[in-house]
Structures are given as C-alpha cells and as structure tokens.
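First to last, the protein sequences are chains A and B.
Numbers 0 to 380, taken from numbering that gives the first Met the number 0, label the letters of the first sequence in order.
Numbers 0 to 94, taken from numbering that gives the first Met the number 0, label the letters of the second sequence in order.
By construction, the Cβ of each residue, glycine as well, lies at the ideal position given by its N, Cα and C atoms.
Model, not experiment: these values are computed from the prediction.
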Amino acid sequence: MSGAANPTPPLAPPLAALLELTHRCPLQCPYCSNPIELERAKGELSTDEWRRVLDEAAELGVLQVHFSGGEPTVRRDLPELVAHARRIGLYSNLITSGVTLDRARLAVLAQAGLDHAQLSIQDVDHQTAAHIANHPGVQGKKLAFARWVREIGLPLTINAVVNRHNVTRVERMIDLAVELGAVRVEVAHVQYYGWALRNRAALMPTLEQVQEATQRVEAARARLRGQIVIDYVVPDYYARQPKSCMGGWGRQFLNITPSGEVLPCHAAQTIPGLVFDSVRHKPLAEIWASSAAFEAYRGTDWMPEPCRSCDQREVDWGGCRCQALAITGSAAAADPACALSPAHQEMRSLAEAASAAPAPDFVYRRMTPQETPAKVAAATR
Amino acid sequence: MTAPAPLKSAIRPGLAPGVRLSFDKARDCWVVLAPERVLVPDETALEILQRCNGSRPVDEIVDELASVYNADRGEIAQDVEDMVSDLIAKRILVG
Ligand code: SF4
Ligand code: SF4
C-alpha cells in the first residue's frame, strides 16, 4: 500500500485497547455496540490467552485497557485478568451494566487493582430503563451497584446513552451521576452502527430535542464545573462536522473480540472485505503494524475527494468509516456527518423522517437469530 | 502577577482517585493516566505533579521549586497555583 516516494513517520503505538471478554450479557439494549452476529462462549479466549494478550499490549505501548463485553463480569476469571493488568502497569477500566456483580465480587476486583469503573445507565426513569434494557428492575440493581463502587472507594463514571426515549431527561441523568458520586459522566448520543442502525427509527430523536439536550448539557457543565467531568458525544446525524473516530483509524486504539480478532474499531466488522487478524495466530505488535484491516484506512493515502484535498484530513481523518459505509455504501467515502459529503443532506433527512414518525418497537440484542420486531416485542411484554 | 490566587496555599493537593502518574517505557516519557484520558505533562508540570502527594501543602511545593530552580518565588507560586486549580477542576488532582 505505501508508496516508496513518501517515507511515512514511524507508527506510534496504541494508547488504549478495548477487550471484549465475552458477548454474553443479561441485558438486551437495542443500541448495543456488539455486532449483530454475536460470538458464542465456546469461542472465547482462555484466561491464559488473555494474559498473553495483556502482556503483548503492554509491551507494544498500550497504557489503558478497558475490560468490556457484552458483560465482562460474567467471566469468572476477571479478577485474575485485572490483577495481571495491574502487575504489568496497565491502567484498567471496567465497563459494566452493573447487574451481575454483588458487592463481594466487586470488592475482589478492587483488591485486584482495578483503577476505575464505568457504569452504563439507560435512563433515570425506572420504567423506561427497564424497557430499553429489556430487563425488569434494572435501575434498582444499577443504583445499588453504583453505591457499592463508591463505598469500596473506586472512582466511577456514569455512561448515559441518549435516544428519543430519554432525551428530555439528560440533565436529570447528569444530576443522578453527581448524586451517585461519579467523577465523570459521559452523555453519549447513540452511534448508529450494528444493533443501533437496525433500531435507528426506534431511537432517533428530533433535531429540536437534540438542540435542547445540548443546551442542557452546556448549562450543567457551567453549573457543575469542578464537581464532575462531563463528556458529551454529539449525534452525527445532525452534525456538520464529523468526529475524529477513535482519533483516526489505527492510530490510537484497538479492539479485541471475545475470540481474539483485532479490530481498528468495534464496528469494523460491518465493512465487507476487511480481513482481520487474530491474537491466536499473530503477535499483537505485528497485527498493529501490518494487519490488512488496520492498513486499509490508516493515514490519508486511501482518501478520495473531498477528503483528499481538505485541510481537515489530519484533524478528523475523514470521520467514521462505518458510518460512511452505512449511509453511502462505500467505506472510503467522506463521513456523511461532514457538510462537504454529497450524502450529508440524505443523512439529515433520514434522521428527520425517522424521528418525526412514531417509534417502532425495538429489535432487542440477542444471541439467537431474530424474527420480526413485532414478534419480539409481543413476546417481551 | 497581581491576579488574586484562586487557591488556598495551605491545601495539600494529591492525585485524584483513579489517577496514576507513571513512566511509559514505550514512549520514554511520564504520563498521567485518568479515566478515559492520558495526559503527557511537560517538564514544569511534571515537577509539580511529582510533588503533589496529598501530604505537602502548596506553599511548601512552591518553596522547594523556587529553591531548586533558583527562581522568583512569586512567579513559581503563580504557575503552581494556576496548574493545581486547573487540574482540580479537571479532577486530575484533589485538594
Ligand atoms: S449495550 Fe447493553 S446489551 Fe450491549 S453489552 Fe452493553 S449492557 Fe449489554
Ligand atoms: S471533507 Fe473529509 S477531511 Fe474534510 S472535513 Fe469533511 S470528512 Fe473531514
């Protein structure tokens, strides 16, 4: 791929790795970042394999690891992996739904050296939360979990995923995070890949709702300065500029699936024709340096117009490849969130049409192949 | 140098829970590891951060840096106070 004419600077190591320890999860959020084709338990990497992956990651220069899933705490060996990460100097974060651990098992993780816990919430309203997660009583369990995190002395981030069912309550979700003693709250509009793309119409808020939410987040930031860090992920469908997805493809971040496939971003498997390498067959350093999937959209050589000649190309790196694919059919196109993309208006119109219509039922995240949304909804009421 | 100090010089800043200062062998530099953040402190920031251990008051840190660098105490005090209050707002330090 690389032309001999322009020597490229040496590749910097990744800063962070997201480890999907398993795709098993007791919740069924319709915006789950896992792929539609969920991996089965029998294909998951063993404890020894994950330990080796942690060693290779630290050796390569990874500083932070996120233990994620699915629900990472369903893996019984999580304390061993956390302890191993700490032993080799990695900063570890647990990304959890908070419904599977009891206080004692959480304390074991803290003792093993966990640095930080991140708890997702669906809403402040218990009923909507239960509906979104398809899990009765989910909110009560999460609130108890957040209390234990603080009692045990771990720093806590609350991750609130914003969609049309809870968008009017962003400020209350931030206030809940403060009440729970979180050091940080991430208010993130849904990103529409995988499950969320399938559920786009059921999740998409209107432009007015998004603008109102943004104002409320700004107000909360001013009001709570110094009390809590508020990170806000804006919704691409109503944006004019794309986000620099993961700080650029293959530049700062890698994602490892339960069976050991290494991806440049969690949604990369939606791109047809990309070939991924597995930690089962190759060392992580080699995968980072030369895996075809990482090379495909690394840097700027692959860019067509309008990105190729744009002065933002090393700022946003052309935005998100998976979103370009989802909207334009080509993963190499400019992210349609960009006002310079020919598909920009089309994406905006998709959002406006979806949000103006009544919300259809969710297609819940499931292991088994699903039937029609109507059947699933009927079965879960 | 007449801006009012936003910070009490008696507070004892330390790294916030969930924040670690560690040496990164791969990049050959010090890094601050925090929830979803990696900061690379410059030389001055590093000198200050390494002294924020939760038991030493800002005053004492300023005295020490002024003598180590043989520099004007007022200037050092301003630098330290600005940085410490900024990092407290960002939840990297606690006072
Ligand atoms: S988004 Fe929901 S269903 Fe998906 S892994 Fe997280 S908690 Fe589980
Ligand atoms: S044209 Fe491409 S590089 Fe330029 S702002 Fe848009 S997405 Fe970014």
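If we cut at 7 Å on Cβ distances, does V57 (chain B) have a partner in chain A? no
Closest Cα partner of I326 (chain A) within the set A:D114, A:R171, A:G193: A:G193
What span of residues does the alpha helix (DSSP H) with A284 (chain A) cover, start to end? 283-289
Taking the Cβ atom as the reference point for each residue, do M203 (chain A) and S354 (chain A) lie within a distance shorter than 7 Å? yes
Is the closest heavy atom of ligand 2 to the C-beta of D58 (chain B) under 6 Å? no
With a threshold of 6 Å (Cβ to nearest heavy atom), would G69 (chain A) be considered close to ligand 2? no
Beta strand (DSSP E) containing C28 (chain B): first to last residue? 28-33 is the extent of the beta strand (DSSP E) around C28 (chain B).
Kindly say whether P341 (chain A), judged by its beta-carbon, lies nearer than 7 Å to any beta-carbon of chain B. no
For L92 (chain B), count the other beta carbons within 10 Å of its own beta carbon; 16 or more makes it buried, fewer makes it exposed. Which is it? buried
Closer than 8 Å, Cβ to any Cβ of chain B: which residues of the region 202-230 of chain A, in chain order? R224, G225, I227, V228, D230
Among A:Q251, A:L105, A:R104, A:K140, which residue has its Cα nearest to the Cα of Q121 (chain A)? A:K140
Measuring alpha carbon to alpha carbon, tell me which residue in B:N69, B:I75, B:L48 is nearest G94 (chain B). B:L48
Helix, strand or coil, according to DSSP, for F293 (chain A) in the structure here? helix
Closest Cβ-Cβ distance between H115 (chain A) and chain B: below 7 Å? Interface flag for H115 (chain A) against chain B is set, since a Cβ pair is found closer than 7 Å.
For G60 (chain A), return the contacting residues in chain B, with the cut-off set at a CB-CB distance below 7 Å. A25, R26
Is A333 (chain A) close to ligand 2? I mean its beta-carbon at under 6 Å from any heavy atom of the ligand. yes
Who are T156 (chain A)'s beta bridge partners in DSSP? A:Q117, A:R183
So, do the region 206-222 of chain A and the region 168-187 of chain A have three or more beta carbon pairs nearer to each other than 8 Å? A contact exists between the region 206-222 of chain A and the region 168-187 of chain A.
Could you name each continuous beta strand (DSSP E) segment of 3 residues or more that falls completely within the region 77-110 of chain A, going from the start of the chain to the end? 90-95
Decide if D276 (chain A) is buried, meaning its Cβ has at least 16 other Cβ atoms within 10 Å, or exposed. buried
C-beta atoms of V274 (chain A) and A288 (chain A) nearer than 7 Å: No.
Please check if any C-beta of chain A sits within less than 7 Å of the C-beta of L32 (chain B). Output row for L32 (chain B): interface = yes.
Applying the criterion that 16 or more other CB atoms from any shown protein chain within 10 Å of the CB defines a buried residue, is R39 (chain A) buried or exposed? exposed
Interface residues of chain A facing S21 (chain B) [CB-CB closer than 9 Å]: L62, G88, Y90
Distance, H125 (chain A) Cα to Q11 (chain A) Cα: Correcting the residue identity first, residue 11 (chain A) is Ala in this sequence and not Gln. The straight-line gap from Cα to Cα measures roughly 44 Å.
Please state if the CB of A176 (chain A) and the CB of I151 (chain A) are separated by a distance shorter than 7 Å. no
Alpha carbons only, please: which of A:S348, A:A132, A:H22, A:I227 is nearest the one belonging to F66 (chain A)? A:H22
Taking D85 (chain B) as part of the alpha helix (DSSP H), name the residues at either end of that continuous run. 72-88
As assigned by DSSP and simplified to three states, the class of A3 (chain A): Caution applies to A3 (chain A), whose pLDDT of 43 falls short of 50 and renders its modelled position unreliable; the value that the coordinates give is listed next. Three-state result, A3 (chain A): coil.
Only counting the same chain, and skipping five residues up and downstream in sequence, which positions put a Cβ closer than 8 Å to that of A111 (chain A)? P78, E79, V81, A82, R85
With respect to 6 Å, is the separation between the Cβ of L37 (chain A) and the closest non-hydrogen atom of ligand 2 below this value? no
Same chain only: Cβ atoms within 6 Å of V148 (chain A), ignoring 5 sequence neighbours per side: A116, L155
Indicate whether A330 (chain A) and R320 (chain A) have their beta-carbon atoms separated by less than 7 Å. yes
Are the C-beta atoms of P16 (chain B) and some chain A residue less than 7 Å apart? yes
Assign P13 (chain A) to buried or exposed, taking buried as 16 or more other Cβ atoms, counted over all protein chains shown, within 10 Å of its Cβ. buried
Pull up the distance between the alpha-carbon of G42 (chain A) and that of S32 (chain A), whole angstroms please. 19 Å
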